[in-house]
Structures are given as structure tokens and as C-alpha cells.
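Asker: Below are the C-alpha cells for one structure; questions will follow.
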Amino acid sequence: MSPQPEQQARREIDRLLTAAGWSVQDADRASIHAARGVAIREFPLPGHGFADYLLYVDGQAAGVIEAKKAGATLSGVEVQAERYTQGLPADLPRWDNPLPFAYQSTGVETRFTNGPDYPETSEASLTSRFLLAPQALIPC
Numbered sequence: 000m001s002p003q004p005e006q007q008a009r010r011e012i013d014r015l016l017t018a019a020g021w022s023v024q025d026a027d028r029a030s031i032h033a034a035r036g037v038a039i040r041e042f043p044l045p046g047h048g049f050a051d052y053l054l055y056v057d058g059q060a061a062g063v064i065e066a067k068k069a070g071a072t073l074s075g076v077e078v079q080a081e082r083y084t085q086g087l088p089a090d091l092p093r094w095d096n097p098l099p100f101a102y103q104s105t106g107v108e109t110r111f112t113n114g115p116d117y118p119e120t121s122e123a124s125l126t127s128r129f130l131l132a133p134q135a136l137i138p139c
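Residue numbers for the sequence shown follow numbering that gives the first Met the number 0, beginning at 0 and rising by one.
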């Protein structure tokens, strides 16, 4: 049986994350200090469901990725990703509240939005086929 479309998108997102220098891990076995950038799959957010990926840089949560199947329209998905940037449990280390960075990705197309306090990182919104390396998210 072939994988479902969103599973295929997640496999491609995993590949893109790895190529950009992220350590991709499952939530039940995650170590936020395993690498400079750690992407945790299916991270539980009480009251918000699961973030497809929670991104840690230098041991602190920095952003999320909302995965959609290939061909899905990414405009409008940032609202869902934004909810995830605000739903982190209080005891988890983070850069800011809400988290400053959000991706929406099909694995073919990726949209990146950053919070208002982090304009130096990129344009307010960037659509491309790649994911930024962990060090690209670190404020100057």
C-alpha cells in the first residue's frame, strides 16, 4: 500500500530538514540537545493538538512546521501554524512567547513567516522549496 499524501509530504520535509542541518526526531525519543537544530515530529501541544514539527535551536523552541499534502494551498495555513507558536507548555524552554518562526510546507513548496520582533531573519514571508538551516534562525 502506498503512503498517504500527507505522509509523503512529511517524508520530503524530513529530507529537507536533514539536508538543512536539522536532527529530525520522534517526540517520544527526542533530545533537544542532540544537535544545534532539532526538529521534533508530532509534538503534543495541550489544547492545540499536535504540531507536525517543533523546531529547537540551541536547546530552545524557536518555531513550528505545519505539514500539508503536496498540492495544498499554503496561504491561510499560517493561521494554524501561528496557533501552534502560542501553544507551547509553560515549562519548555523557548526563545520567545509566542515562538518567532513558523513554516508551512507540502515538501514541494515551503512558506516561512517570522514574528514581528525578528524582521532581520528574512522577509516577512518567504516561499521557496527549502527550509532554513538552524543557524539562520538565530537573531544577530
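C-beta: ideal position from N, C-alpha, C; glycine also. No experiment lies behind these values; they were computed from the predicted model shown.
Is it buried or exposed, Phe49, if we count other Cβ atoms within 10 angstroms and call 16 or more buried?
Answerer: As a working mapping, residue 49 is identified with position 50 in the sequence shown. Classification for Phe49: exposed.
Asker: Which whole runs of the beta strand (DSSP E) in the region 4-57 are 3 residues long or more, in chain order?
Answerer: 22-25, 36-44 and 48-56
Asker: With DSSP run on the structure shown, which of helix, strand or coil describes Thr109?
Answerer: For the purposes of this step, residue 109 is taken as the residue at position 110 of the sequence shown. If DSSP states are grouped into helix, strand and coil, Thr109 belongs with the strands.
Asker: Could you spell out where the alpha helix (DSSP H) holding Ala80 opens and where it closes?
Answerer: Position 81 of the sequence shown, counting from 1, holds the residue named residue 80. Residues Glu77 to Gln85.
Asker: To the nearest angstrom, how far is it from the Cα of Arg110 to the Cα of Leu16?
Answerer: Position 111 of the sequence shown, counted from the first residue, corresponds to residue 110. Position 17 of the sequence shown, counted from the first residue, corresponds to residue 16. In a straight line, the C-alpha of Arg110 is about 14 Å away from that of Leu16.
Asker: For a quick check, are the C-beta atoms of Leu98 and Val63 less than 9 Å apart?
Answerer: Stepping through the sequence shown from its first residue, residue 98 is reached at position 99. Stepping through the sequence shown from its first residue, residue 63 is reached at position 64. Yes, Cβ-Cβ distance for Leu98 and Val63 is below 9 Å.
Asker: Looking at Val107 and Glu11, is the spacing between their C-beta atoms short of 9 Å?
Answerer: What you label residue 11 is simply residue 12 of the sequence shown in a count that begins at 1. What you label residue 107 is simply residue 108 of the sequence shown in a count that begins at 1. Contact flag set, yes.
Asker: Quick check on Ala135: does DSSP put it in helix, strand or coil?
Answerer: The sequence position of residue 135 within the sequence shown is 136, counting from 1. Looking at Ala135 - three-state DSSP - the assignment turns out to be helix.
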